[in-house]
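Report on the structure given below.
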Amino acid sequence: MQTQPSRQQLAIFTLGAMIVGFIIGNLFFGLISLDFSDVEAGLDPLELSGQRLRIGLFISHFLTFAVPGFVVLYYFFRNRWWDAVNPLAFPGNNLSWVILFTLVAIPLVGVSMWINLKIPLPDWAIQTEDETAALLEKVLNFNGLPDLATALLAVAVAAGVGEELIFRGILQGRVFAEFNHHVAIWLSAAIFSLIHLELAGFLPRMLLGGILGYVFHWSGSLLVPILIHLAFNGLQVIAAYVSGEFTPDTAPVELPDWYIIAISLIGTLAIGYFLETRRVNELPPSPDGY
1 MQTQPSRQQL
11 AIFTLGAMIV
21 GFIIGNLFFG
31 LISLDFSDVE
41 AGLDPLELSG
51 QRLRIGLFIS
61 HFLTFAVPGF
71 VVLYYFFRNR
81 WWDAVNPLAF
91 PGNNLSWVIL
101 FTLVAIPLVG
111 VSMWINLKIP
121 LPDWAIQTED
131 ETAALLEKVL
141 NFNGLPDLAT
151 ALLAVAVAAG
161 VGEELIFRGI
171 LQGRVFAEFN
181 HHVAIWLSAA
191 IFSLIHLELA
201 GFLPRMLLGG
211 ILGYVFHWSG
221 SLLVPILIHL
231 AFNGLQVIAA
241 YVSGEFTPDT
251 APVELPDWYI
261 IAISLIGTLA
271 IGYFLETRRV
281 NELPPSPDGY
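When we follow the numbering used here, the leftmost residue of the sequence shown carries the number 1, and every step to the right adds one.
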């Protein structure tokens, strides 16, 4: 009988696999970026056509998150890798409730974004944010439906599958499973936000990670946070396509009206308490833990 890997082994191997995937992904991105007619321009992502940039981002993201996630699961669990995270587990009776929880909590993400933008950033962080914004602006500058489809693959599908597999499936569900589930959820959410290296969006991204973590915990299915993550990113891509405008993380945002914040906060806490109290008896066994 195959012994269970230690959480330390799983954490170290996951980090190592992501680093290797990141390096390989960026090598592929570099190959796509090469323009042999103009070597200097070919090394600058902003000089790429939007479609080549989107394809490069998709490959890079997929090799950084999704591929390492599957490699880690297969290496440690072999023929039981699917059961290790059970990605297509039926979400039980709480599917509609976790979707409602997500929708009600979204205004709080806006509040956290407003707070985050009030925090002064060092010069290097501002420069990084500006470079990221310029890159995303080109990714979300569309000339037709093929561009939209590729952007959805790069920004929504690759992120929804790869990031949820790593941060909710492996980190929250396996590496941090020995902790209280609240601790596991927020540790995974903090790492999820930190790894994006975008300080202007740290708080809202961490809060979104926390929401997805609770959705995973209450639904008992990794498929649910994957689809919600995919929808969240995908709707932003579609909005940029329809409006023809891109709003960077550093753009000023207005604080939602106080009553919207109050309704969102009370509703989020109430639905969360309801789901927490009924989870033990009405949901299938959680994928958290061994």
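Every residue, glycine too, gets a C-beta built ideally from N, C-alpha and C.
In this text the structure is predicted, and so the values were computed from the model without any measurement.
Q) DSSP three-state call for Pro256: helix, strand or coil? A) Note: Pro256 maps to coil in three-state DSSP.
Exercise for review: Look at the alpha carbon of Ala66 and the alpha carbon of Phe77, and state the distance between them as a whole number of angstroms.
Suggested key: Taking the straight line from one Cα to the other gives about 16 angstroms.
- Measure the C-alpha to C-alpha separation of Ala189 and Trp82 and round it to an integer number of angstroms. For Ala189 and Trp82, the distance between alpha carbons rounds to 23 angstroms.
Next item on the list: Following the continuous alpha helix (DSSP H) through Asn116, name the residue where it begins and the one where it ends.
Entry: Element bounds for Asn116: 95-117.
Report the option in Lys118, Phe58, Ala158 whose CA atom is closest to the CA atom of Phe232. Of the listed residues, the one whose Cα sits closest to Phe232 is Ala158.
For this session: Please confirm whether Trp218 and Phe28 have their CB atoms less than 9 angstroms apart.
Result: The beta carbons of Trp218 and Phe28 sit no closer together than 9 angstroms.
Determine the DSSP secondary structure at His219, reduced to helix, strand or coil.
For the sequence presented, residue 219 should be read as Ser rather than His. Looking at Ser219 - three-state DSSP - the assignment turns out to be helix.
Original post:
Does DSSP classify His196 as helix, strand or coil?
Top reply: DSSP places His196 outside both helix and strand once states are collapsed to three, so it counts as coil.
Identify the continuous alpha helix (DSSP H) that holds Val72 and give its terminal residues. It spans 67-77 - the alpha helix (DSSP H) in which Val72 sits, taken as one unbroken run.
Going along the chain, which residues of its own chain have a beta-carbon closer than 7 angstroms to the beta-carbon of Val161, five neighbours each way excluded?
Spatial neighbours of Val161 in its own chain (CB-CB distance under 7 angstroms, excluding positions within 5 residues in sequence) are listed in chain order as Ala66, Ile226.
Rounded distance between the beta-carbons of Ala133 and Arg54, thought under 8 angstroms = That pair is no contact at about 16 angstroms.
- Message: Any contact between the region 110-122 and the region 192-210? By contact I mean 3 or more CB pairs, one from each, below 8 angstroms.
- Response: Yes, they touch.
ask   = Is there contact between the region 93-100 and the region 177-197, where contact requires at least three CB pairs shorter than 8 angstroms?
value = Contact fails: fewer than three Cβ-Cβ distances are below 8 angstroms.
* Give me the Cα-Cα distance between Arg52 and Phe142, rounded to the nearest whole angstrom. => Near 12 angstroms, if we compare the C-alpha coordinates of Phe142 and Arg52.
Practice problem: Give the single residue among Trp124, Ser243, Val215, Tyr259 whose Cα lies nearest to the Cα of Asn93. | Solution: Residue Val215 is the option with its Cα nearest to Asn93.
> Tell me which same chain residues have a C-beta within less than 6 angstroms of the C-beta of Ile166, skipping the five on either side of it?
Replying inline: For Ile166, where only same-chain residues beyond five positions count, the Cβ hits under 6 angstroms are Phe65, Gly69.
Where the alpha helix (DSSP H) containing Thr150 begins and where it ends:
Note, Thr150: alpha helix (DSSP H), 145-151.
Worksheet item: Among residues of its own chain, excluding the 5 on either side of Gly213, which ones have a beta-carbon nearer than 7 angstroms to its beta-carbon?
Response: Closer than 7 angstroms at Cβ, skipping near neighbours: Arg168, Gln172, Ile185, Ser188, Ala189.
When the Cα of Arg7 is compared with those of Arg278, Glu178, Ser243, Asp257, which residue comes out closest? Measuring from the Cα of Arg7, the nearest candidate turns out to be Glu178.
request  = Could you tell me how far apart the beta carbons of Val85 and Leu222 are, in whole angstroms, since I believe they sit closer than 8 angstroms?
outcome  = Yes, they are in contact, since the Cβ atoms of Val85 and Leu222 sit about 5 angstroms apart, within 8 angstroms.
Would you please state the rounded distance, in angstroms, between the beta carbons of Val175 and Leu73? I believe it to be under 8 angstroms. Beta-carbon to beta-carbon, Val175 and Leu73 are separated by about 12 angstroms, too far to satisfy the 8 angstroms threshold.
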